[in-house]
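Taking it in order: structure first as structure tokens, then the write-up.
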Amino acid sequence: MNLRKYFIILLYIIASAGCITQFIPETEETQSLLVVEGLITDQPGENTVRLSRSQPIGSYTDPEPVKGCKVTIEDDGGNIYILHEGEPGTYLTDPAIFQGAVGRKYTLHIEARNASGKLSSYRSFSMEMNPVPPIDSIYYEKQLINNDDDSPQEGCQVYLNTIDPEGLCKYYRWDFDETWEFKLPYDVDNQICWASDKSDAINIKSTSALTENVIYRHPVNFITNETDRLNIKYSMLINQYSISEDEFGYWKRIQNISDDVGGLYDIIPASITGNVYCTDDPNETVLGYFSVSAKSSKRIMIADSFAGLRHDFNAYCGTDTVPSGIQIPGLGTSLWIIIEYDAYRVLTRYRECADCSYRGSTMRPDYWDEK
Amino acid sequence: MRSIILILIIFLISLCSLSAQDNLIIKWNYQDLSFKDFASKVESESPARFFYRDEWINDLKLGFYGENIPLSKLLDNLFAGLSLYYFIDGTGDIVITKDFVVKISEEQAMDSLKLVPPTVYYDVQDEKKLSGNLFLEIGNPAEKNRTGNVVVSGYITDKDTKEPVSGATVYVRKLSTGTSSNAYGFYSLTLPRGIHLVQFSFVGMNEIKVDLNLYGTGEMNIEMKSTLIPLKEAVVSAERNATLQRPEVGMEKMNVATLRLTPTNMGEADIVNSFLMVPGVQTVGEGASGFNVRGGSAGQNLILLNGAPLYNTSHFFGFFSAVNADIIKDATLYKGGIPSRFGGRTSSVLDIAARDGSRKEFAGNAGISPVTTHLTIEGPLLKDTLFYLLAARTTYSNWIFKVFDNAYLNNSKAAFYDLNGEITYDINKNNKIDLSSYYSHDAFSFNSDTTYKYSNNIVALRWRHFFTSRFFSVFSVNNSHYNYDISSESIITEAFIMSHTINSTGLKADFNLFKGRHEINFGVDAVRYAVSPGDYMPASDSSLVIPNSIQKEKALETSVYIEDRFTLNDHVSINAGIRFPSFFTFGPRSVYIYDPSYSKGISTIIDTVYYGSGEICKAYAGPEYRISLNLRPSGTSSFKLNYNRTRQYLHLLSNTASISPTDIYKLSDSYLKPQICDQYAVGFYQLLFNGGLETSVELYYKSLKNMIDFKGGTRIIMEENIEQYLIDATGKAYGIEFLIKRDEGRLRWSLGYSFSRTFLKSTGTFSDEIINDGEWFPANYDKPNDLSVAFNYLATRRLSFSANYVYSTGRPITYPIASYQMGNMNLLHYSDRNKYRIPDYMRLDIGLSISGSLKSKKIANPYWTFSVYNLLGRDNVYSVYFTNEDNVIRGYQLSVFANAIPSVTFSFDF
């Protein structure tokens, strides 16, 4: 229900009378709030808790990590696990001594300096780890993208099914890591690479209103024809989490206020906080969520031909041919060599056109031959 | 003693009363002729024409009164002692009257006329003292030596259409007493015996002044005539006395003439937009459906069309009112003293009365504006008994999409239409039936993607029965149906249609009894509601959508009321009423019981209670008191006190700033308590400059109980167990409203200003039920300063110019104050609820109306309306929103009309 869409139409109707202008609100608040992004699962390996600070609206810098905090996880058996700081602001469990277990409850403790430099203590609610069923299947369908051009254009819609016969899990969250192979059209050294990305959308579902504990054809991601993801081979590792009802509600609310905005009928936004609070000052807002959930994963490989793929390096890269032996200012910083012959060179302005490792890795993933 | 008097209203056609007929000499033998034969013989010999009732002269035979006798002298002799009188007007018409004398006054109003002791009467011959257009005697002159008060009552009708004129003012200036006619045109006034000058006035009609010799209780029926100005816009107002007379605080009446004076938005005269000029009535912004009255939410307004509730009041995303202005006779907004006959909403009642069809002849109107085209036809089906009116209005905006060279727009649609039909049947003098129906439809879709549709469908049947001339009743039955659906077939396997429906059937009996100084209204009504909160269905056979229906809601609301409007004396009148609504929800229904020590949620359900079909799940009842006191220290001022309680069982759930096409109706249930509003209001009204300037100040305070708010970030569509997302809130609103108005002459203007505040406070106990730490916060529609200025200049009879200026404080908004990152997502953190405000709102509109012809009998009478909306092209901000584009948060402000919008409307009457 994209109400913004029809608002834009309306603007056309009234002959572009309305308008949307860019705007930065002037607020007297310059809050720098603690943001907690924690996830512990039942899988072996490191679990991470990332601490950062919120930024003023309109700032384009990366979030400031909160360094040097004391971060611990306490379970319902009274055991306390200390997390050590890896990269700045990222706190990791020791895989040798900590692994989450279904049925146990975990509480996060943080001691951090707040924005004014005062040492404060933060704490999460006690969160129980719920079991998660395995992902039953992942599959995709070609989907015609409705366009007025004569040539058909297809995208790829990825779905999953999950069956939970015992009904142990009512609330699901999914995220994914995607990897795809791409190849530059030029005969350069780094011609074939593997690019990776992570999901950037909230994907949750509750089966509490369904009679059967079956998730069928749940859309995971739609891959458009406008990138090079579908050109050669594409892989997606989907993680399925059993989240709590509280966490489900948290993501649902975040989703409601961040998607579909900009219409006449936006829902009233609200400050949404998670399960972490400051024990010293109950009025201090803490953002983010400490998620405790079991995790199951499954991978899909997609190597298929899709009609009307639009990503075209030749159109995008734009090359120029110059004779060899000429001094080229900016070579290696703003101009890049694609082909070097004896008599001339072919240059491009974009490094990613001359070197695939700029966007990806030349390391072939070990699972890449899987079907 | 009661005497039925036939009233013939004779306008000042000619001041030259000495016409040829007055001197007509009867030279022939008339002795022993019946009056009828005599009259036809006179008519055959001269241009004279007699008007009389047969029953008066049936047995009347002429005697001999002398040869070559003037007609007047003959009639004097003939009628002597028969209580028959005659009147000869300038065109030669001889009008015979019984029991009263008609006189045309040759004098203008004489201010020097002193208040005479009650038992002094005009001498019938003493024309000099008369100041009205008409002289009447009521009662038996034999009672002339009695004193004390008697009651004058009667019907006021439109001379041309024969429709009752409701809301007309009946006023006796010397006594500063008066009343106004009710919905059937009936009025009743208690006056001391004696002479009086009674003024009858109404917006758009010629004022009538009647000199009265009042001997006893009697009836005085008045026919009023529309002002003969061809411009529909040019009206003469005479509402000013009415405001002083009414006991209620905060009532605004608007008729179609006033409505047409307001400059238009995209060429459409619009009822709701016109009411926005009234102090105390606001909207959250352009393009917002609904309006807010004195700190009430848009869902707290009861909008009645011919007595039936209208659930969606807008077209085209909210830019136009759903009711076609061409069918409106008048509309009354009760923002303060809501009469006891209305109930069910806490904030206001907007009562829209549609016109009856023309009673005279076939007539019509057609017109075209940039967005719509409309056609109205009306006329009698059977002479004097059966009348019809049909109106249709539609957009032709879809073609606009085709104009643009854009595939996306070519595939888009947005259209609406509405249809009105009305049949009025005057069975006889005491029984009238009208049947009206209304249908509206809106549909919009973008790039053949999601389609939104909604429709209103209303059928209303009313039977007005007059038991006696002082005891009326109206029995009505109506059905109002509103539904919307959202559908999408863009992904074949996910093609769905989601719909929401509310259907209500109302039965109502209203009685209206005039007894001495009392006007007693009482009645009963019952409304049956059926709400289908949401159905989510596959839209095609190949769709894999799993059907989902949220359980239906059924309820019955019944009310009884009684109200007495009591005129204690010339200075004090009281309106005291009580309304008692009861509300029952019925099964089949399953209701979850939640653990009271936690916030309501799926995991805190501890039990489920099933109610069988027809079983009462929950009942509510409570009295509503409606009390008004009007003190009139003088004829030009009035002071009013008012207390009002209203209860509301049907809620419009809206978690958006304004009403959106996807809001849902919800009935009270075990968790959703009825909203209760107590309003205390005080008003002071003063006429200045001999009534040329009307001023008023009104103050109000409201306390609002059981208001609804939502847990942060809640969407309400297709949510089973909506109680899990609701927050209890309480509210308070207060304000002061000033109005200065000049309503007569060529230059008319009004200036309204209000200062008002509306606050809400969450009353929940759990953290997710608390907004802004449980402190008071301004409501979304809290706009403290609100100024509106309207200006009309009637340059000539064919040309009028109008302008509107509005200014208001920007509405409150919740701003994002920080951004943060979670995984790959950039998210926003918002301030406390409604902590900030969008920039102030300001707009100037102008309009110009030109009538093509002054001749009312021309076959087609064209008129043009030019208007410019937002003349200054001010970029009024509607909302501010933030999007995440390539992981950069960008803020945008959205204005609906950032430029001046000119429009031309062409219409013609035929």
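Going down the list, the protein sequences come from chains A and B.
If you use the numbering used here, the first sequence corresponds to residues 102 to 472, in order.
If you use the numbering used here, the second sequence corresponds to residues 6 to 915, in order.
For glycine and all other residues, C-beta sits at the position ideal for the given N, C-alpha and C.
Fair warning: this is a prediction, and the values are worked out from it, not measured in the lab.
Given 8 Å, three or more beta-carbon pairs between the stretch 341-349 of chain A and the stretch 388-404 of chain A: By the Cβ rule, the stretch 341-349 of chain A counts as touching the stretch 388-404 of chain A, because three or more pairs are nearer than 8 Å.
Spatial distance of L89(B) from M210(B) (CA atoms): Within the second sequence, residue 89(B) is the residue found at index 84, counting from 1. Within the second sequence, residue 210(B) is the residue found at index 205, counting from 1. Each residue's alpha carbon lies about 30 Å from the other.
Per-residue contacts from S155(A) into chain B (C-beta, under 8 Å): Here residue 155(A) is taken as the residue at index 54 of the first sequence, counted from 1. Per Cβ cutoff of 8 Å: A823, S824, Y825, H834.
beta-carbon T563(B) near the ligand COA non-hydrogen atom, thresh 7 Å: Among the components modelled here there is no ligand, and therefore nothing to report on the ligand COA.
Inter-residue Cα distance where the pair is S908(B) and T377(B): Residue numbering aside, residue 908(B) sits at position 903 when the second sequence is read from its first letter. Residue numbering aside, residue 377(B) sits at position 372 when the second sequence is read from its first letter. In a straight line, the C-alpha of S908(B) is about 11 Å away from that of T377(B).
Residue ranges of each beta strand (DSSP E) within the stretch 727-806 of chain B, 3 or longer: 731-747, 752-767, 790-799
Check whether V175(B) and Y192(B) have beta carbons under 8 Å apart: Taking the first residue of the second sequence as 1, we reach residue 175(B) at position 170. Taking the first residue of the second sequence as 1, we reach residue 192(B) at position 187. In this structure, Y192(B) lies closer than 8 Å to V175(B) by Cβ.
Min CB distance G736(B) to chain A below 8 Å: Against the second sequence, residue 736(B) aligns to sequence position 731. Not an interface residue.
Closest residue to A197(A) among E147(A), L388(A), S227(A) (Cα-Cα distance): Counted from its first residue, the first sequence places residue 197(A) at position 96. Taking only the C-alpha atoms, the option nearest A197(A) is E147(A).
Collapsed DSSP secondary structure at R7(B) in the structure displayed: Here residue 7(B) is taken as the residue at index 2 of the second sequence, counted from 1. Any reading at R7(B) is ruled out, since the residue's pLDDT is 35, under 50, leaving its predicted position unreliable.
Interface residues of the stretch 778-798 of chain B facing chain A [CB-CB below 8 Å]: Flagged, chain order: D778, N785.
Interfacial residues, the stretch 274-307 of chain A to chain B, with Cβ spacing under 9 Å: D276, D298, K299, S300, D301, A302, I303, S307
Residue closest to K365(B), alpha-carbon to alpha-carbon, out of S352(B), S374(B), P385(B), T381(B): Here residue 365(B) is taken as the residue at index 360 of the second sequence, counted from 1. Restricting attention to S352(B), S374(B), P385(B), T381(B), the CA atom closest to the CA of K365(B) is found in P385(B).
Buried/exposed call for N278(B), threshold 16 Cβ in 10 Å: Position 273 of the second sequence, counted from the first residue, corresponds to residue 278(B). Buried, by the Cβ-count rule.
Identity of the residues DSSP links to F43(B) by a beta bridge: In the second sequence, residue 43(B) corresponds to position 38, counting from 1. None; F43(B) has no bridge partner.
Simplified DSSP state of T609(B), which is helix, strand or coil: Within the second sequence, numbered from 1, the residue matching residue 609(B) stands at position 604. DSSP places T609(B) in helix when its eight states are reduced to three.
Top-ranked residue by Cα proximity to L388(A), from I822(B), R637(B), K258(B), I31(B): Here residue 388(A) refers to the residue found at position 287 when the first sequence is read from its first residue. Answer by Cα proximity: I822(B).
Of the listed residues Q556(B), R469(B), I851(B), nearest to F516(B) (C-alpha basis): Locating residue 516(B) in the second sequence gives position 511, where the first residue counts as 1. With distances taken between Cα atoms, F516(B) lies closest to R469(B).
Same chain only: Cβ atoms within 6 Å of R318(A), ignoring 5 sequence neighbours per side: Position 217 of the first sequence, counted from the first residue, corresponds to residue 318(A). Hits under 6 Å: Y260.
Spatial neighbours of A531(B) in its chain, beta-carbon cut-off 6 Å, leaving aside the 5 residues before and after: Sequence index remark: in the second sequence, residue 531(B) carries index 526 (1-based). Contacts found: L512, T563.
Beta-carbon gap between N231(A) and G268(A) smaller than 8 Å: Walking along the first sequence from the start, residue 231(A) turns up at place 130. Walking along the first sequence from the start, residue 268(A) turns up at place 167. No, these two residues do not count as a Cβ contact at 8 Å.
Beta-carbon separation (whole angstroms), L518(B) vs F480(B), contact threshold 8 Å: As a first step, residue 518(B) is located in the second sequence; it is residue number 513 there, counting from the start. As a first step, residue 480(B) is located in the second sequence; it is residue number 475 there, counting from the start. Contact flag wrong, Cβ pair sits at about 15 Å.
Residue from K788(B), Y730(B), N797(B), G769(B) whose Cα sits closest to the Cα of R747(B): In the second sequence, counting from the first residue as 1, residue 747(B) sits at position 742. With distances taken between Cα atoms, R747(B) lies closest to N797(B).
Cα-Cα separation, Y846(B) to G852(B): Here the question's residue 846(B) lines up with position 841 in the second sequence. Here the question's residue 852(B) lines up with position 847 in the second sequence. Distance between the alpha carbons of Y846(B) and G852(B) is about 20 Å.
Contact set between the stretch 380-408 of chain A and chain B, restricted to residues whose Cβ is under 7 Å from the partner: L388, G389
Sufficient close CB pairs (3 or more, under 8 Å) joining the stretch 588-599 of chain B to the stretch 615-627 of chain B: yes
Element boundaries [alpha helix (DSSP H), containing Y35(B)]: Along the second sequence, read from residue 1 onward, the residue named residue 35(B) stands at position 30. Run containing Y35(B): none; DSSP gives neither H nor E here.
Reference F913(B), options Y897(B), P867(B), A313(B), closest by Cα: Walking along the second sequence from the start, residue 913(B) turns up at place 908. Residue P867(B) is the option with its Cα nearest to F913(B).
Below-8 Å beta-carbon distance, M830(B) vs any chain A residue: Taking the first residue of the second sequence as position 1, residue 830(B) is located at position 825. Interface residue, yes.
Supposed close pair Y287(A), I439(A) - CB separation, criterion 8 Å: Taking the first residue of the first sequence as 1, we reach residue 287(A) at position 186. Taking the first residue of the first sequence as 1, we reach residue 439(A) at position 338. 4 Å between Cβ atoms; contact.
Beta-carbon proximity of S435(A) to I607(B), cut-off 8 Å: Walking along the first sequence from the start, residue 435(A) turns up at place 334. Walking along the second sequence from the start, residue 607(B) turns up at place 602. No; because the gap between Cβ atoms is not below 8 Å, this pair is not in contact.
Within 7 Å of chain B by C-beta, residues of the stretch 213-235 of chain A in sequence order: none
Neighbouring residues, chain A, relative to S608(B) (Cβ below 7 Å): Position 603 of the second sequence, counting from 1, holds the residue named residue 608(B). Within 7 Å Cβ-Cβ: E346.
Per-residue contacts from R330(A) into chain B (C-beta, under 7 Å): For the purposes of this step, residue 330(A) is taken as residue 229 along the first sequence, with counting starting at 1. Ordered by position in chain B, no residue passes the 7 Å Cβ test against R330(A), which lies about 16 Å from the chain.
Assumed close pair G688(B), K645(B) - CB separation to whole angstroms, cut-off 8 Å: Numbered from its first residue, the second sequence carries residue 688(B) at position 683. Numbered from its first residue, the second sequence carries residue 645(B) at position 640. About 4 Å separates the beta carbon of G688(B) from that of K645(B), a gap short enough to meet the 8 Å contact definition.
is_contact[N340(A), chain D] using C-beta, thresh 8 Å: Within the model displayed, chain D is absent; protein chains A and B are what it includes.
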